[in-house]
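In what follows, a structure is listed as structure tokens, so that the remarks can point back to it.
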Amino acid sequence: MSSPVKSASPSKVMASGRANSLTGNMTVPGDKSISHRALIMGALAVGETTITGLLLGEDVLRTAAAMAALGARVERGDKEPGTGLGPWRVWGRGIGGLTEPEDVLDMGNSGTGARLIAGVLAAYPFTSIMTGDASLRRRPMQRVIAPLSQTGARFMARAGGRLPMAVTGSPLMMPLMYESPVASAQVKSAVLLAGLHAPGATTVIEPAPTRDHTERMFRHFGVTVDSTLMPNGANKVRVVGQPELSGRAIVVPADPSSAAFPVVAALVVPGSHVTLRNVGINPLRTGLFDTLREMGADLVFKNRREEAGEPVADLEVRSSKLKGVTVPASRAPSMIDEYPILAVAAAFADGETRMDGLAELRVKESDRLSLMANGLTACGVTARAEGDSLIVRGGAQPRGHATIAVHLDHRIAMSFLVLGMASEKAVAVDDASAIATSFPDFVTLMNGLGAKLSDVPATDMPPVVV
Ligand code: S3P
């Protein structure tokens, strides 16, 4: 295919002013986690896989380009007048059928793409080189290198297991039995994808259940996979390798991690009433929605149904008076990407919100723990990071009037733009182009509900927080 990735947009400053109310319906883009997995599984199946609702974010387009570079045929969805985007089509090569890429695989900003594809590459006896943007090149890859090396694959990475990294896959795949020290769906999925290529059963144990989209997608393609919750709370997942996969139709639900931004925006902007259609409500992803309800949110799931093995619903949300809560560390796996926007909700909630067990937040697209504590403080909110906890005292209307440096992190950018929607004065971000990794139409869709997001000349920006 011709490269599906356009060069990353130049950095763009953007301000968010106080909105009067947010009202209307919105469909947020497709789930990022499921979109990556759909493309990868399509490339490993024989024949045609169709993917409806694929996220057209830069992260996912990188995975599409990588699967094309590895020999799959990937065809973009066409514009069909009146019906939105037609499905993407992938013609896969079958398990073991991928071929050596001619060039470096550039995964952009995407930790999920890099780690899942590392799992696939571990099974192919050729050498691939993987890199990414400045944010991804800082993130730890050792967590996948350690288990995947046990299959016989060899990795050469920069100090501390950082990208760029070369992978020479195993000529004779060995099934794995791996107990992961970290609750990470990316690590689990990398091992399972490697295991798909090995004879016999591969087992991975994670310390707590994390999002199970890989397991659900495997089942959708007819792979034998089972999960067992162990008495100590750990989750044991076993996959039987070397199945014969044939193409499937996949429908990708809207991403609950993207829905999180309009949901919190509607809660904190007075007089709001918003409906979000077709949102994935996989119970391993809905920790934020549970927490918001505990805080007093008027948030209802309607029209619950199932699509391609994933539960979905329409979400109806009305602005609500929130109160602070303590969020236990045990909830982190089901809302790991939602702490930045929860911290924004907490800024509007009466009393203290305490979020524990957030060590993983330091190794996301940015150090989200520090950036949220510093950025909220700059906007006049009482907030601090204490060890692995984030503590926010809310209630008074945040002052705003700051420009936040987002450090290539889409969720930091969207979180602070939501904060600006209900602060006294505008909040700006130094680089809104990062948002395109997961939510390309964020600005248009939010403004369609009544938000006031606009480009501002650098000279008019409030002071920058680095
Ligand atoms: C993801 C898993 C999570 C999450 C990321 C997507 C996935 O990362 O933060 O945005 O699709 O498997 P970890 O595995 O590092 O927790």
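Taken in order, the sequence shown gives residues 1 to 466; the numbers are from our numbering.
Using N, Cα and C, we set each Cβ at its ideal position, and we do this for glycine too.
This one's a predicted model, so the numbers in the text were calculated from it and none came from an experiment.
Residue i - DSSP class collapsed to helix/strand/coil
i, result
"His273", "strand"
"Gly97", "coil"
"Leu453", "strand"
"Leu229", "strand"
"Pro164", "strand"
"Glu80", "Residue placement at Glu80 cannot be trusted, given a pLDDT of 48 that sits under 50; what the coordinates show is reported in the next sentence. It is a strand residue."
"Thr112", "helix"
"Tyr178", "strand"
"Asp367", "coil"
"Asp31", "coil"
"Ala373", "helix"
"Lys188", "helix"
"Glu215", "helix"
"Met141", "coil"
"Gly394", "strand"
"Gly119", "helix"
"Ala345", "helix"
"Pro311", "strand"
"Arg285", "coil"
"Leu299", "strand"
"Arg304", "strand"
"Met469", "Because residue 469 is not part of the residues shown, which for the chain are 1 to 466, the question remains open."
"Val381", "coil"
"Asn447", "helix"
"Phe126", "coil"
Outcome for residue i when other beta-carbon atoms lying within 10 angstroms are tallied against a minimum of 16
i, result
"Val300", "exposed"
"Gln142", "exposed"
"Leu229", "exposed"
"Thr224", "exposed"
"Thr112", "buried"
"Ser170", "buried"
"Met156", "exposed"
"Leu121", "buried"
"Pro398", "buried"
"Glu215", "buried"
"Val231", "Per the sequence presented here, residue 231 reads as Pro, with Val not at that position. Its Cβ having fewer than 16 others within 10 Å, Pro231 is exposed."
"Thr326", "exposed"
"Asp255", "buried"
"Ala347", "buried"
"Arg384", "exposed"
"Ser272", "buried"
"Ser334", "buried"
"Asn235", "buried"
"Glu58", "buried"
"Ser227", "exposed"
"Leu172", "exposed"
"Asp409", "buried"
Length of the line joining the Cα atoms of residue i and residue j
i, j, result
"Ala72", "Ile336", "32 Å"
"Ala43", "Ala194", "14 Å"
"Arg190", "Glu100", "Checking the sequence, you will find Ala at residue 190 rather than Arg. The straight-line gap from Cα to Cα measures roughly 19 Å."
"Ala153", "Gly161", "15 Å"
"Pro81", "Thr444", "Reliability fails at Pro81, whose pLDDT of 47 lies under 50, so the model's placement of it is uncertain and the value that follows must be treated cautiously. If you take the alpha carbons of Pro81 and Thr444, they lie about 20 Å apart."
"Leu453", "Asn109", "24 Å"
"Val187", "Gly92", "23 Å"
"Val60", "Asn282", "20 Å"
"Ala38", "Met217", "7 Å"
"Arg305", "Pro457", "45 Å"
"Thr210", "Asp460", "43 Å"
"Arg115", "Glu206", "16 Å"
"Asp212", "Gly357", "21 Å"
"Val252", "Lys32", "9 Å"
"Asn447", "Met414", "13 Å"
"Asp441", "Gly200", "44 Å"
"Ser257", "Glu338", "7 Å"
"Pro328", "Leu98", "43 Å"
"Arg468", "Glu360", "Beyond the ends of the chain as shown, which are 1 and 466, falls residue 468; an answer cannot be given."
Anticipated Cβ contact below 8 Å, residue i with residue j, distance rounded
i, j, result
"Val381", "Val392", "7 Å"
"His197", "Ile95", "6 Å"
"Asp430", "Ala405", "5 Å"
"Ile250", "Thr50", "7 Å"
"Leu322", "Leu267", "7 Å"
"Gln150", "Tyr124", "16 Å between Cβ atoms; not a contact."
"Ile117", "Ile34", "Between Ile34 and Ile117 the Cβ distance is about 16 Å, and since that is not below 8 Å, they are no contact."
_Could you check whether the segment 309-316 touches the segment 59-76, counting it as contact only if at least three pairs of C-beta atoms, one from each stretch, sit closer than 8 Å?_
Taking a cut-off of 8 Å on C-beta distances, the segment 309-316 does not touch the segment 59-76, as fewer than three cross pairs fall below it.
_Does the structure place the segment 96-107 close enough to the segment 119-135 that three or more beta carbon pairs sit under 8 Å?_
Yes: the two stretches touch, three or more of their Cβ pairs being nearer than 8 Å.
*Contact between the segment 281-294 and the segment 85-92 (3+ Cβ pairs under 8 Å)*: Between the segment 281-294 and the segment 85-92, the count of Cβ pairs shorter than 8 Å is below three; the stretches do not touch.
*Assess, as a yes-or-no matter, whether the segment 236-244 is touched by the segment 263-274 under the definition of 3 or more beta carbon pairs within less than 8 Å.*
Cβ pair count under 8 Å is below three, so no.
*State whether the segment 411-431 contacts the segment 16-34, with contact taken as three or more CB pairs (one from each stretch) at a distance under 8 Å.*
The segment 411-431, when compared against the segment 16-34, does touch it at the 8 Å Cβ threshold.
*asked:* Tell me whether the segment 23-33 and the segment 265-280 touch, counting them as touching only if at least three CB pairs, one residue from each stretch, are closer than 8 Å.
replied: Under the Cβ criterion (8 Å, minimum of three pairs), the segment 23-33 counts as touching the segment 265-280.
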